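At position 309 of the sequence shown the residue is numbered 308 (numbering that gives the first Met the number 0), and the sequence of numbers has no breaks. Using N, Cα and C, we set each Cβ at its ideal position, and we do this for glycine too. Keep in mind it's a predicted model, so treat the numbers as computed, not measured. For reference, the structure discussed in these notes is given below.
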Amino acid sequence: MSNERVPIVAIRANDICFLGLLRSINSVAHVDLHALTFSWVGAPDWLSDKSIYANKVYSISNPADSEEASLDDLISYGKFLKKTYAKKPLVFCSSDVNLIFFHKYEKILSEYYCLPGDRIYKDFRSDIANKGLFYEKIRAHLPDLVLDNIYLFSSQCIKKINNWNSFPCVIKPAEKDLSQSFYRFNNGLKAIKCEDRISLKKNVEKFLSLKHKLIVQEFIEFNNDTDEIPTYTYFDKNHSLRIYANGIKRIISPPKFGTAIALELSYNKELILISKKVGQAISWHGPLMIEFVIDQKKNRLKILEVNTRPWLFHDFYRQRGLPFIPMMIEEYKENLDYSKNLIVPSSEAIGSFNFDIIKMAELFLKNNKNLSKSNYTSNKLTDDFISFCSYSCRSKSFFAQISDDDPNLTNSIVEYMEKTFGFNKDLIFNWILQD
């Protein structure tokens with residue numbers, strides 16, 4: 000057991016995930032948070048700058064703009080932290096952009112930093128972040144869980160698609176690049192649906208020529224929201240499951256292949272055993288999101304993918320009694336009590352909703368873009384937006400950008416909603432603060 004100060008690094012690229020990291024890390028005793036940030040032309044408004052926890056911030060070069068300068072910045076700061084604490088800091092990445100950079104320069108950065116994944120904090124586990132390599136591991140241990148797929152890592156692999164006969168299918172990046180270019184070329188979507196071989200060949204050639212590594216995978220049509228089951232887990236250093244919960248993606252934007260902006264916390268007890276097997280199969284240590292899907296046509300359960308970095312709404316789960324990030328830190332501090340039982344959602348937590356309030360506002364206005372402004376007052380606009388977000392009672396509704404233990408942000412969010420979307424400031428404020 001150790002009560003010495005431990006350095007923890009959070010790197011910003013996604014503001015919501017980063018905010019959650021600031022809050023989650025600061026909930027743990029004897030920890031020094033070091034926040035690393037960078038920005039770019041056209042970046043979103045960084046609301047995390049208003050957080051009460053954004054007080055030890057170190058600016059680094061944007062990896063997508065200057066890899067060499069960013070690497071130098073990380074080496075310099077890593078040397079400082081290692082010397083100061085006589086211990087390498089544990090790093091949490093808020094985006095795949097951060098994670099990819101650490102994987103690319105692992106031989107250098109592993110001298111100064113640790114990442115979740117490896118039981119002794121040595122390997123950065125890029126083998127699991129790469130979908131092609133991950134599927135190979137799962138196929139070796141749990142073949143019934145693998146969707147039909149092919150891994151294309153160079154232009155020489157393109158002939159593999161000649162034998163592909165499952166249509167429609169999807170194409171997605173096996174690993175992302177530093178500028179998330181696949182998403183940018185695809186209007187923000189995480190995957191491309193191909194109805195036939197002509198479309199498949201065209202898109203594969205396009206993205207392979209751009210040096211992307213790709214996965215071609217059979218397409219599963221969801222009949223309802225619960226056919227896709229994001230499953231949130233924590234595995235300790237012995238690869239034993241310590242925390243388990245699920246979610247229901249109630250609103251995805253853009254539809255089908257976008258990001259969940261309204262998520263309901265759920266609990267599927269029947270997937271605990273198979274989740275344990277996944278963690279064991281890949282020898283995982285730390286938080287892990289496993290994306291299960293149900294193929295209703297063939298009555299089968301499959302794994303769509305895993306996410307090895309903190310997911311978007313991880314701090315919402317902490318607020319509901321599921322401390323994924325704090326447990327990782329406690330274990331890194333050698334303070335984890337391994338005798339405690341598996342943590343699962345309480346009956347009170349099940350059915351809670353979390354909203355990306357800004358993305359919800361953008362979607363609401365997009366859906367109502369033809370409204371007559373002259374006949375639509377600010378009060379009416381705001382009331383209708385609140386109704387749009389009323390998926391559950393207010394006492395079970397949470398907002399990704401807002402937290403009771405980070406009060407500075409509430410006023411900033413309310414002002415942003417008024418300025419950007421034209422909502423009534425007082426109505427939004429009262430709704431957010433309503434118990």
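{"query": "Evaluate the contact criterion for the region 291 to 301 versus the region 114 to 131: three or more CB pairs, one atom per stretch, below 8 Å.", "result": "no"}
{"query": "Taking only three categories from DSSP, how would you classify residue 419?", "result": "helix"}
{"query": "Do the region 224 to 241 and the region 322 to 333 meet, that is, are 3 or more Cβ pairs less than 8 Å apart?", "result": "yes"}
{"query": "Look up residue 6 in the DSSP assignment and say whether it is helix, strand or coil.", "result": "strand"}
{"query": "Tell me, to the nearest whole angstrom, how far the beta carbon of residue 262 is from that of residue 353; I am working on the premise that it is less than 8 Å.", "result": "5 Å"}
{"query": "Can you give me the C-alpha to C-alpha distance between residue 155 and residue 113, rounded to a whole angstrom?", "result": "35 Å"}
{"query": "Could you pull the start and end residues of the alpha helix (DSSP H) that residue 181 belongs to?", "result": "180 to 184"}
{"query": "With distances taken from CA atoms, which of 116, 119 and 87 is nearest residue 108?", "result": "87"}
{"query": "Which residue or residues does DSSP assign as beta-bridge partners of residue 31?", "result": "6"}
{"query": "In the structure shown, what three-state DSSP assignment does residue 241 receive?", "result": "strand"}
{"query": "Where does residue 193 land, buried or exposed, given buried means 16+ other C-beta within 10 angstroms?", "result": "buried"}
{"query": "Residue 339 to residue 233, Cα distance in whole Å?", "result": "13 Å"}
{"query": "Taking contact to mean at least 3 C-beta pairs separated by less than 8 Å, is the region 360 to 368 in contact with the region 267 to 276?", "result": "no"}
{"query": "For residue 80, I'd like the list of residues in its chain whose CB is within less than 6 Å of its CB, leaving aside the five on either flank, ordered along the chain.", "result": "6 and 88"}
{"query": "Could you tell me which of 46, 163 and 36 sits nearest to residue 402, measuring between CA atoms?", "result": "46"}
{"query": "Using alpha carbons as the reference points, say which of 25, 63 and 44 lies closest to residue 55.", "result": "25"}
{"query": "In the structure shown, what three-state DSSP assignment does residue 201 receive?", "result": "helix"}
{"query": "So residue 400 and residue 18 are supposed to be a Cβ contact under 8 Å. How far apart are they, rounded?", "result": "7 Å"}
{"query": "Around the C-beta of residue 169, are 16 or more other C-beta atoms found within 10 angstroms, so that it is buried, or is it exposed?", "result": "buried"}
{"query": "Would you check if the distance between the CB atom of residue 9 and the CB atom of residue 39 is smaller than 8 Å?", "result": "no"}
{"query": "Are the beta-carbon atoms of residue 137 and residue 280 separated by less than 8 Å?", "result": "yes"}
{"query": "Return helix, strand or coil for residue 299, following the three-state DSSP convention.", "result": "strand"}
{"query": "Is residue 294 helix, strand or coil when you go by DSSP?", "result": "strand"}
{"query": "Tell me the start and end of each unbroken alpha helix (DSSP H) in the region 68 to 133 that is at least 4 residues and wholly inside, in chain order.", "result": "95 to 103, 105 to 108 and 125 to 128"}
{"query": "Leaving out the 5 sequence neighbours to the left and right, which residues in its chain are closer than 6 Å to residue 415 when beta-carbon positions are compared?", "result": "none"}
{"query": "By how many angstroms is the C-alpha of residue 395 removed from the C-alpha of residue 0?", "result": "With a pLDDT of only 41 at residue 0, under 50, the local geometry of the prediction cannot be trusted, and no value is derived from it."}
{"query": "Determine whether the beta carbon atoms of residue 301 and residue 146 lie at a separation below 8 Å.", "result": "yes"}
{"query": "What residues in its chain sit with their C-beta under 8 Å from that of residue 133, if we drop five residues either side in the sequence?", "result": "126, 127, 281, 304 and 305"}
{"query": "Would the beta-carbon of residue 93 fall within 8 Å of that of residue 20?", "result": "yes"}
{"query": "Please report the distance separating the alpha-carbon of residue 191 from that of residue 344.", "result": "34 Å"}
{"query": "So is residue 150 buried or exposed if we call it buried at 16+ other beta carbons inside 10 Å?", "result": "buried"}
{"query": "According to the Cβ coordinates, are residue 225 and residue 311 closer than 8 Å?", "result": "no"}
{"query": "Go through its chain and collect everything with a Cβ distance to residue 271's Cβ below 6 Å, but skip five positions before and after it.", "result": "243"}
{"query": "Under 8 Å, do residue 172 and residue 212 count as touching if we go by C-beta distance?", "result": "yes"}
{"query": "Please check the pair residue 60 and residue 69, which I expect to be a contact at CB under 8 Å, by giving their CB distance rounded to whole angstroms.", "result": "4 Å"}
{"query": "With the cut-off set at 8 Å, would you say residue 482 and residue 122 are in Cβ contact?", "result": "Because the chain in this structure spans residues 0 to 434, residue 482 falls outside the shown range and cannot be described."}
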